[in-house]
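Going by my numbering, the sequence shown opens with residue 272, and the numbers climb by one from there.
Structure first, then comments.
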Amino acid sequence: MEKKNVDWANLGFGYMPTEWRFVANYRDGKWDDGELTQDATITMSECAGVLQYAQTCFEGLKAYTTEDGRIVTFRPDLNAARMSDSCKRLEMPVFPEDKFIEAVEKVVAANAEWVPPYGSGATLYIRPFMFGINPVIGVKPATEYQFRIFCTPVGPYFKGGVKPLTLTVSDFDRAAPHGTGNIKAGLNYAMSLHPVMEAHRNGFDENMYLDPATRTKVEETGGANFLFVTKDGTVVTPQSDSILPSITRRSLMIVAEKVLGMKAEQREVLFEEVKDFAECGLCGTAAVISPVGKIVYKGGEICFPSGMTQMGPTIQKLYDTLTGIQMGRLEAPEGWIHEINV
Ligand SMILES: *Cc1c(COP(=O)(O)O)cnc(C)c1O
272 MEKKNVDWAN LGFGYMPTEW RFVANYRDGK WDDGELTQDA TITMSECAGV LQYAQTCFEG
332 LKAYTTEDGR IVTFRPDLNA ARMSDSCKRL EMPVFPEDKF IEAVEKVVAA NAEWVPPYGS
392 GATLYIRPFM FGINPVIGVK PATEYQFRIF CTPVGPYFKG GVKPLTLTVS DFDRAAPHGT
452 GNIKAGLNYA MSLHPVMEAH RNGFDENMYL DPATRTKVEE TGGANFLFVT KDGTVVTPQS
512 DSILPSITRR SLMIVAEKVL GMKAEQREVL FEEVKDFAEC GLCGTAAVIS PVGKIVYKGG
572 EICFPSGMTQ MGPTIQKLYD TLTGIQMGRL EAPEGWIHEI NV
């Protein structure tokens with residue numbers, strides 16, 4: 272198979288349509304079989320549920336070319352399960368989890384020429400999503416839905432080297448207690464756009480959100496979970512019902528404990544103790560881990576000992592191990608690597 276003629280190493284994170292996407296429709300109480308299509312556009316009523324009341328959720332995962340030339344995805348069963356949780360919370364019909372994985376396989380196989388070659392640093396980003404498509408004007412769930420998966424090649428996250436991020440502690444809240452913070456709903460991102468643009472206007476890369484009830488505990492950023500390392504080498508991630516359960520973060524915690532033999536704890540993290548950590552990183556599919564160098568808050572700033580030019584040693588080890596597993600250089604825990612038959 273010939274790869275597309277793309278300057279993989281210089282790709283950014285943008286939408287570059289590929290030939291094929293998967294579409295399934297839910298009508299009369301059931302999903303159709305779905306199919307691959309070349310049509311990248313969607314025609315819908317002006318009154319579609321998604322347009323009026325934001326009834327939509329999504330997922331994000333990647334396909335990689337391994338060192339030995341296979342195309343693989345990473346733990347897609349967890350994306351399927353998480354999307355089913357999102358759908359239930361938004362009163363949307365679950366797209367069956369086995370069908371979700373089959374659809375990912377089909378889209379990636381059909382777009383195999385777009386899976387960037389091993390060593391390029393680029394990957395194929397896969398975006399499953401679902402939305403209410405029939406007219407809804409009284410506030411209630413739609414009765415018809417569309418499930419789609421498209422994919423788009425994305426460039427290496429750390430182009431020109433790693434640059435630790437500077438965060439600010441946001442005055443805004445990301446997710447209410449018992450709200451929708453733990454599902455991947457589009458609405459969680461709509462409301463985060465103003466806070467993140469404010470952060471950018473003030474010279475920061477991202478927001479750290481605290482728990483809205485007490486504003487004393489660390490939650491997450493707009494799109495990534497926190498991972499901290501204590502001075503004695505324990506990996507710590509915040510526990511809260513309103514944090515989105517990042518697959519990357521959950522995998523890194525297992526890598527820390529089971530592969531690297533470190534201590535790993537998920538527990539409430541007080542903002543007050545952040546200054547005592549040795550390293551801080553943000554976890555998500557896009558970057559795996561982005562190091563945080565500095566956190567600015569009203570009345571002070573926290574500068575992590577790992578500094579502003581590199582990843583701290585523990586975060587670097589976690590990053591190298593997980594990316595090694597994803598790229599097939601290191602042995603993966605059972606069930607983590609899902610090969611695509613092209
Ligand atoms: C998607 C997402 C993450 C990262 O999850 P991964 O499964 O690791 O990609 C973290 N926080 C939020 C709010 C997210 O939407």
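Even glycine gets a Cβ: it sits at the ideal position worked out from N, Cα and C.
**Item:** Segment contact flag, the region 308-321 with the region 426-443, C-beta cutoff 8 Å, min 3 pairs
**Value:** No: the two stretches stay apart, fewer than three of their Cβ pairs being nearer than 8 Å.
**Request:** With a threshold of 16 other CB atoms inside 10 Å of the CB of V344, please say whether the residue is buried or exposed.
**Result:** As a working mapping, residue 344 is identified with position 73 in the sequence shown. According to the sequence provided, residue 344 is Thr. The question's Val does not apply to it. With 16 or more Cβ atoms within 10 Å of its Cβ, T344 is classed as buried.
**Asked** Taking buried to mean at least 16 other C-beta atoms within 10 Å of its own C-beta, is S577 buried or exposed?
**Response** Residue numbering aside, residue 577 sits at position 306 when the sequence shown is read from its first letter. Residue burial annotation: S577 is buried, with at least 16 other C-beta atoms found within 10 angstroms of its C-beta.
**Request:** Go through the region 438-512 residue by residue and report every complete run of the alpha helix (DSSP H) that reaches 4 residues or more, in order.
**Result:** Qualifying alpha helix (DSSP H) stretches, in chain order: 457-461 and 464-472.
**Prompt:** A495 and G457: beta carbons closer than 8 Å?
**Reply:** To locate residue 495, count along the sequence shown from 1; it is residue 224. To locate residue 457, count along the sequence shown from 1; it is residue 186. In this structure, A495 lies away from G457, with their beta-carbon atoms at least 8 Å apart.
**Message:** Closer than 7 Å to a non-hydrogen atom of ligand 1 - does that hold for the CB of I397?
**Reply:** Counting from one through the sequence shown, the residue named residue 397 turns up at place 126. Within 7 Å of the C-beta of I397 there is not a single heavy atom belonging to ligand 1.
**Request:** State whether the region 376-384 contacts the region 331-346, with contact taken as three or more CB pairs (one from each stretch) at a distance under 8 Å.
**Result:** Taking a contact to require three or more Cβ pairs closer than 8 Å, the region 376-384 and the region 331-346 qualify as touching.
**Request:** Report the option in V410, C551, G426 and G409 whose CA atom is closest to the CA atom of Y396.
**Result:** The residue labelled residue 396 in the question sits at position 125 within the sequence shown. Here the closest residue by C-alpha is G426.
**Prompt:** Could you check where the beta strand (DSSP E) with K333 kicks off and where it finishes?
**Reply:** Walking along the sequence shown from the start, residue 333 turns up at place 62. Start and end: L332 to T336.
**Request:** State the start and end residues of the unbroken alpha helix (DSSP H) segment that holds M354.
**Result:** To locate residue 354, count along the sequence shown from 1; it is residue 83. Looking at the DSSP string, the run of the alpha helix (DSSP H) that includes M354 is P347 to R360.
**Request:** Indicate whether the contact test is met: 3 or more Cβ pairs, each with one atom in the region 391-408 and one in the region 418-425, closer than 8 Å.
**Result:** In this structure the region 391-408 lies against the region 418-425, because at least three pairs of beta carbons, one per stretch, are closer than 8 Å.
**Prompt:** Of the residues E330, M363, R341 and K359, which one's Cα is nearest the Cα of P347?
**Reply:** Here residue 347 refers to the residue found at position 76 when the sequence shown is read from its first residue. For the residues E330, M363, R341 and K359, the minimum Cα distance to P347 belongs to E330.
**Message:** So, for E536: in the same chain, excluding its five sequence neighbours on each side, which residues have a beta-carbon less than 8 Å away from its beta-carbon?
**Reply:** Residue numbering aside, residue 536 sits at position 265 when the sequence shown is read from its first letter. Closer than 8 Å at Cβ, skipping near neighbours: T505, V506, V507 and T508.
**Request:** With DSSP as the reference, please indicate the residues paired to G571 in a beta bridge.
**Result:** For the purposes of this step, residue 571 is identified with residue 300 of the sequence shown, where counting begins at 1. Its beta-bridge partners are Y568.
**Request:** With hydrogens ignored, establish whether the beta-carbon of M333 is closer than 7 Å to any heavy atom of ligand 1.
**Result:** Within the sequence shown, residue 333 is the residue found at index 62, counting from 1. The question names Met, but residue 333 is Lys in the sequence shown. Every heavy atom of ligand 1 is 7 Å or more from the Cβ of K333, so no.
**Item:** Stretch-stretch touch, CB-based, cutoff 8 Å, three pairs: the region 484-495 with the region 551-571
**Value:** At 8 Å Cβ cutoff, the stretches touch.
**Item:** Beta bridge counterpart(s) of S561 as assigned by DSSP
**Value:** To locate residue 561, count along the sequence shown from 1; it is residue 290. Answer by DSSP bridge pairing, in chain order: L553.
**Request:** Compute every distance between the C-beta of A495 and the non-hydrogen atoms of ligand 1, then say whether any falls below 7 Å.
**Result:** Reading the sequence shown from its first residue, position 224 is the one you call residue 495. The answer is yes for A495.
**Asked** Pick from I566, F418, G532 and Q581: whose alpha carbon is nearest that of K546?
**Response** On the sequence shown, position 275 is the one that residue 546 refers to. Minimum Cα distance to K546 is reached at I566.
**Asked** Can you round the beta-carbon distance between L593 and V559 to whole angstroms, since I take them to be within the 8 Å contact cut?
**Response** By 1-based counting over the sequence shown, the position of residue 593 is 322. By 1-based counting over the sequence shown, the position of residue 559 is 288. With a Cβ gap of about 6 Å, L593 and V559 count as contacting.
**Sheet register partners of A374 (DSSP bridge)** = Mapped onto the sequence shown, residue 374 falls at position 103. Paired residues: none, contrary to the question.
**Prompt:** Over what stretch of residues does the alpha helix (DSSP H) that includes M524 continue unbroken?
**Reply:** Taking the sequence shown and counting its residues from 1, the one referred to as residue 524 is at position 253. Secondary structure note for M524: its alpha helix (DSSP H) is the uninterrupted segment I518 to I525.
**Asked** Cβ-heavy atom distance between K588 and ligand 1 below 7 Å?
**Response** As a working mapping, residue 588 is identified with position 317 in the sequence shown. No.
**Prompt:** If you count every other CB in all the chains shown that lies within 10 Å of the CB of H609, and 16 or more means buried, which is it?
**Reply:** Along the sequence shown, read from residue 1 onward, the residue named residue 609 stands at position 338. By the 10 Å Cβ count, H609 comes out buried.
**Beta-carbon proximity of N405 to A295, cut-off 8 Å** = Your numbering for residue 405 matches position 134 in the sequence shown. Your numbering for residue 295 matches position 24 in the sequence shown. One thing to note: N405 has its Cβ no nearer than 8 Å to the Cβ of A295.
**Asked** Taking the alpha helix (DSSP H) that G595 falls in, what are its first and last residues?
**Response** One-based indexing of the sequence shown puts residue 595 at position 324. Element bounds for G595: P584 to Q597.
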